[in-house]
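Beneath this line is the structure, given in structure tokens, with notes to follow.
Residue numbers (my numbering): 70 to 327.
Laid out in structure tokens, this is it:
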């Protein structure tokens, strides 16, 4: 449950110092640390929010605080309907190829500036054996570098995998077929809520999906004709409670082609 504070912040505005403590987790997409003053600052304009982190049902908040005073119990963030993405290292995102420049691709990632993706930044890629991307194609990648003076850097290499891009079984890479659609960026950050929806959807329809923290979602249903129905159901479920979601999804399963 969120405890909303009636505090409206502008981009770059300082977060009240009272919230900067060991028991508070920072939402890196909406709040940053000023490297010179070490103050917490809002990355964007919006409403300041405090969200209690879900605790074990067998432990009360007071008990955990007594056992471990530094236990993270809350997350602070700035909620906004603004659709500009602020890159954060290790974010998984969906980029749209803009153009190829030498050994790099430029990607539209929904940020204030385009990102760059090296042509060899694919698992197992070599100068003679690498993907050949065209403008308009979609790429699922991760942010590996940000600098206020340079464009964000992205990669399709997964350090935890040994599969090569030609296998078609890698986590990152070109997204073929399917449909890409947009959701609110703040909601795309809440993977716990989205995962709950997807687990319910898996019970009634087969699909592949990639969710980017830049508010872009790609989905490809195994049965032609189910993708549009999936998107509409998914967007509706995002605005429901945990209790309402299973009942809603069960109620729309007859719409899907078996």
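Each residue gets a CB set at the ideal place from its N, CA and C atoms; glycine is no exception.
Extent of the continuous alpha helix (DSSP H) run through residue 257 = 254 to 257
ask   = For residue 248, is the beta carbon positioned less than 6 Å from some heavy atom of the ligand ATP?
value = By its list of ligands, the structure shown contains no ligand whatsoever, and the ligand ATP lies outside what it can speak to.
query = If we call anything under 7 Å between Cβ atoms a contact, is residue 212 one with residue 243?
reply = no
request  = Pull up the distance between the alpha-carbon of residue 191 and that of residue 171, whole angstroms please.
outcome  = 16 Å
query = Assuming residue 259 and residue 276 make a contact with CB atoms under 8 Å, what is their CB distance in whole Å?
reply = About 20 Å separates the two Cβ atoms, so there is no contact after all.
message = Buried or exposed for residue 174, going by 16 or more other Cβ atoms inside 10 Å?
response = buried
key: Residue from 102, 92, 101 whose Cα sits closest to the Cα of residue 120   = 92
key: Identity of the residues DSSP links to residue 102 by a beta bridge   = 109
key: residue 121 - containing beta strand (DSSP E), residue span   = 115 to 121
query = When the Cα atoms are used, what is the spatial distance from residue 232 to residue 279?
reply = 18 Å
request  = Could you name the residues that DSSP lists as bridge partners for residue 242?
outcome  = 209
ask   = Does the region 262 to 275 come close enough to the region 303 to 318 to have 3 or more Cβ pairs within less than 8 Å?
value = yes
Rounded separation between residue 152 and residue 189 - CA only = 30 Å
key: Range of the contiguous beta strand (DSSP E) that encloses residue 279   = 276 to 280
ask   = In terms of DSSP beta bridges, what is residue 93 paired with?
value = 143
ask   = Based on Cα-Cα distance, which residue from 145, 83, 82, 103 lies nearest to residue 255?
value = 145
query = Could you give the residue range of the alpha helix (DSSP H) that holds residue 175?
reply = Element bounds for residue 175: not the alpha helix (DSSP H) but the beta strand (DSSP E), 173 to 177.
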